[in-house]
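If you read the protein sequences in the order shown, they are chains A, B, C and D.
In terms of our numbering, the first sequence has 273 at position 107, counting the first letter as 1, and numbering is strictly consecutive.
In terms of our numbering, the second sequence has 238 at position 72, counting the first letter as 1, and numbering is strictly consecutive.
In terms of our numbering, the third sequence has 301 at position 135, counting the first letter as 1, and numbering is strictly consecutive.
In terms of our numbering, the fourth sequence has 263 at position 97, counting the first letter as 1, and numbering is strictly consecutive.
For glycine and all other residues, C-beta sits at the position ideal for the given N, C-alpha and C.
Computed from a predicted model, the values in this text were never measured in an experiment.
Working notes, beginning with the structure itself.
Number of protein chains: 4
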Amino acid sequence: MSRRPVLAVVGGSASTEGATRDAEELGALAATRDWVVVTGGRAKGVMAAALKGARSRGGLTIGILPTAAEEVSPDADVAIISDMHEARNNVIVLTGNVVVACGVDGAGTASEVSLALKNRRHVVLLNASPEAIRFFETIAGEQRGLLHTAINAQEAMDCAEACLALSHRSDRR
Amino acid sequence: MSRRPVLAVVGGSASTEGATRDAEELGALAATRDWVVVTGGRAKGVMAAALKGARSRGGLTIGILPTAAEEVSPDADVAIISDMHEARNNVIVLTGNVVVACGVDGAGTASEVSLALKNRRHVVLLNASPEAIRFFETIAGEQRGLLHTAINAQEAMDCAEACLALSHRSDRR
Amino acid sequence: MSRRPVLAVVGGSASTEGATRDAEELGALAATRDWVVVTGGRAKGVMAAALKGARSRGGLTIGILPTAAEEVSPDADVAIISDMHEARNNVIVLTGNVVVACGVDGAGTASEVSLALKNRRHVVLLNASPEAIRFFETIAGEQRGLLHTAINAQEAMDCAEACLALSHRSDRR
Amino acid sequence: MSRRPVLAVVGGSASTEGATRDAEELGALAATRDWVVVTGGRAKGVMAAALKGARSRGGLTIGILPTAAEEVSPDADVAIISDMHEARNNVIVLTGNVVVACGVDGAGTASEVSLALKNRRHVVLLNASPEAIRFFETIAGEQRGLLHTAINAQEAMDCAEACLALSHRSDRR
Chain A
167 MSRRPVLAVV GGSASTEGAT RDAEELGALA ATRDWVVVTG GRAKGVMAAA LKGARSRGGL
227 TIGILPTAAE EVSPDADVAI ISDMHEARNN VIVLTGNVVV ACGVDGAGTA SEVSLALKNR
287 RHVVLLNASP EAIRFFETIA GEQRGLLHTA INAQEAMDCA EACLALSHRS DRR
Chain B
167 MSRRPVLAVV GGSASTEGAT RDAEELGALA ATRDWVVVTG GRAKGVMAAA LKGARSRGGL
227 TIGILPTAAE EVSPDADVAI ISDMHEARNN VIVLTGNVVV ACGVDGAGTA SEVSLALKNR
287 RHVVLLNASP EAIRFFETIA GEQRGLLHTA INAQEAMDCA EACLALSHRS DRR
Chain C
167 MSRRPVLAVV GGSASTEGAT RDAEELGALA ATRDWVVVTG GRAKGVMAAA LKGARSRGGL
227 TIGILPTAAE EVSPDADVAI ISDMHEARNN VIVLTGNVVV ACGVDGAGTA SEVSLALKNR
287 RHVVLLNASP EAIRFFETIA GEQRGLLHTA INAQEAMDCA EACLALSHRS DRR
Chain D
167 MSRRPVLAVV GGSASTEGAT RDAEELGALA ATRDWVVVTG GRAKGVMAAA LKGARSRGGL
227 TIGILPTAAE EVSPDADVAI ISDMHEARNN VIVLTGNVVV ACGVDGAGTA SEVSLALKNR
287 RHVVLLNASP EAIRFFETIA GEQRGLLHTA INAQEAMDCA EACLALSHRS DRR
């Protein structure tokens, strides 16, 4: 068995400059630490930026696309064609060992964070708004321990590694 | 053409007493006004309560189930078996002409409200927390006009009817 | 509990005249016997014909559509919007208590018969080609007992009722 | 742009010895020619054998799993968790630039070949039964040119490469 850890990076297709920069930096860090980077795979926003960062360090990059017609990010090594539109968000978060949201600026990202918690995945909110943090803390309920925050890519990646170690420990029990 | 309007009612499987009562009342009102009521179809919480209310007034009730193994609410006339787990939330909200969330207490409901906005569906937040209302207002962006609030089932149903009329008008343009 | 039996009727969107007539007759018979009729819901071929037949006898008709953009058959009471393209075929066959294929003329229908068998649903091949019957007999394996043939709508509907009775008996064991 | 070609290898989870050997050999050949190998990812039959063959030559291997609970093949580099049961067959065939079926022994594989044709993917039937070849020729219709047969892994891989070249040519038009 030598499955590699997968970092699912989610965020807006029309993300802010800050979120885009965070995503690219996070992708680069993930690749350096030998994580596979998975995103929604479109040639836009956080999805494209995270793949670009990972590719720049020789990382493996995978996009899980909403439809067969969608333009694929040029930095995706492999394009998984889900053809299930927004429902593919569930596949993205399930495929990640840990999910990092670069900003929670729109409804798509909000659905991904929600689905991640629902599926009991660790989620790191990177530079999320206070409203987003407060909301997800409110709804997390029993999944409260799965919700984390970070203020830069380095902190988010460190947190992801700690979450992965934690998951492995609880798997062994 | 005589397709009937569909009200998608979403909410927790372990909902509060208030949310459960709201859902049952809403289902009853929807049936009285000849809407079909669609929920996640499980024998629990808001899903079951809305179907129960609708059935009590002779309404048509449909559950869209996560898996074939799941126990179906006794008040569902028809069970649609999606077998796609949490991704079925996307099917529920797309199937509704309007979506009403009875409380936004957990991650599942949060994903449904998010997916509804992403798919440009009108959403009524019925007795949602201030944190939830503020969060969805923040992320709605261009979909801001699709987000509504209500403090009782009657108000939510009136709002749903107004949204439906609005959709029909914009379809005709 | 008063869930009504569901007949999933599958077949080509560009079906032959014979298959279209079979579908319409089958829909009418199903409605008469108080089955709900479910199809792919598009305004074409077998999907549309079965809904039309059922509607003509006052039956409840449901279409499970591939996308939100697709034109819906005018005879669907309710349109379930799966937004998962061909993968929605799996939802159609799982939702049926029994599946009837009106002709197996194309790849879409072949996928539906295959998915039905894979999900252990009873399937009636109505006026299928000898090649289709032979093929599905070959691959059915342990599901061989789930595969039936019929040469007219009446026979198909009688077979569906027998299959339903059989399923109920095995559920009780 | 440097997306790598993807070979989707499909076949039974309880495949014959011949089909398993074909799959392993095909996976090895695909890896040698720098294709990514994608299968259903379970630790059984053709799915596992193709990944094992590809991994033995240092190829990139991806499994698209039916559920989060399923045991993953030890030779998958990355596990995509679809959580949509049999509907994930549609994702597998859409993700492949070309699909090879190692035997068509069961309903799952029959659904994959059917969905591939429906989605206009080239399909190579490797050592399929005469009944299967005849059936798919009958239903292929306008997709007749997408259907190919082969009698060993080498021939199947050569055919896949020719299909890929053909797709690229028609994309450029």
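Counting along the chain, V212 (chain B) sits inside the alpha helix (DSSP H) bounded by residues 211 to 222. Each residue's CA atom was taken as its position, placing T182 (chain A) and M213 (chain A) some 12 Å apart. In the structure shown, A282 (chain B) adopts helical secondary structure according to DSSP, grouped into three states. Taking the C-beta atoms as reference points, L292 (chain A) is found nearer than 8 Å to V266 (chain A).
Contact between I299 (chain C) and T315 (chain C) holds, with the beta-carbon distance rounding to 6 Å and staying under 8 Å.
In this structure, the alpha-carbon of I247 (chain D) lies about 43 Å from that of T198 (chain C).
A direct Cα-Cα distance of roughly 11 Å separates V279 (chain D) from R286 (chain D). The Cβ-Cβ distance between A216 (chain D) and V202 (chain D) does not fall below 8 Å. In this chain, the beta strand (DSSP E) harbouring V175 (chain C) covers 172 to 176. According to DSSP, C268 (chain C) shares a beta bridge with C:L292. Counting only residues of its own chain and dropping the five nearest sequence neighbours on each side, G211 (chain B) has a CB closer than 7 Å to the CB of G177, G178, S179, A180, S181, T186. Between the alpha carbons of G307 (chain C) and G272 (chain D) lies a gap of roughly 7 Å. In the three-state reduction of the DSSP assignment, L313 (chain A) falls in the strand class, which pools E and B. Sorting B:A189, B:G207, B:R223 by C-alpha distance to the C-alpha of D200 (chain B) places B:R223 at the top.
Take the alpha-carbon of V175 (chain A) and the one of E237 (chain A): they are about 18 Å apart. Per the DSSP secondary-structure output, V244 (chain C) pairs in a beta bridge with C:I228.
V204 (chain B) has a beta carbon lying at 8 Å or more from every beta carbon in chain A.
With a threshold of 8 Å between beta carbons, L260 (chain D) makes contact with chain A.
Counted as a single uninterrupted DSSP element, the alpha helix (DSSP H) harbouring V257 (chain B) occupies residues 254 to 261. Your pair N263 (chain B) and V172 (chain B) checks out as a contact, with CB atoms roughly 5 Å apart and the cut at 8 Å. Going by C-alpha positions, H288 (chain C) is about 13 Å away from I258 (chain C).
CA-CA distance, L332 (chain A) to G207 (chain A), rounds to 28 Å.
In the DSSP assignment, T205 (chain D) falls outside any alpha helix (DSSP H) and within the unbroken beta strand (DSSP E) covering 202 to 205. For R208 (chain A), the three-state secondary structure derived from DSSP is strand. Taking 7 Å as the upper bound on Cβ-Cβ separation, chain B lies near residues A253, N256, V270, D271, G272, A273, G274, A276, S277 of the segment 253 to 278 of chain A.
Across the set C:A235, C:S239, C:A189, C:L226, the C-alpha of C:A235 shows the shortest separation from the C-alpha of D249 (chain C). Between the C-alpha atoms of A189 (chain A) and R170 (chain A) there is a straight-line separation of about 20 Å.
Separation of L260 (chain C) and I230 (chain B) (C-alpha to C-alpha, rounded to the nearest whole angstrom) is 12 Å.
L313 (chain A) is not a Cβ neighbour of S277 (chain B), given a cutoff of 8 Å. Just so you know, the alpha carbons of A194 (chain D) and Q320 (chain D) end up roughly 10 Å apart. C268 (chain D) and A220 (chain D) have their C-alpha atoms roughly 15 Å apart.
Minimum Cα-Cα distance from G311 (chain A) among the listed residues A:V244, A:A328, A:A245, A:E252 corresponds to A:A328. If you draw a straight line from the Cα of A326 (chain A) to the Cα of A253 (chain C), it is about 33 Å long. Taking C-beta atoms as the reference points, D243 (chain D) and L226 (chain D) count as a pair closer than 8 Å.
When C-alpha distances from I228 (chain A) are compared across D:P232, D:A245, D:S239, the shortest belongs to D:A245.
The beta carbon of T233 (chain B) lies closer than 6 Å to those of D249 in the same chain, with the five residues before and after it left out.
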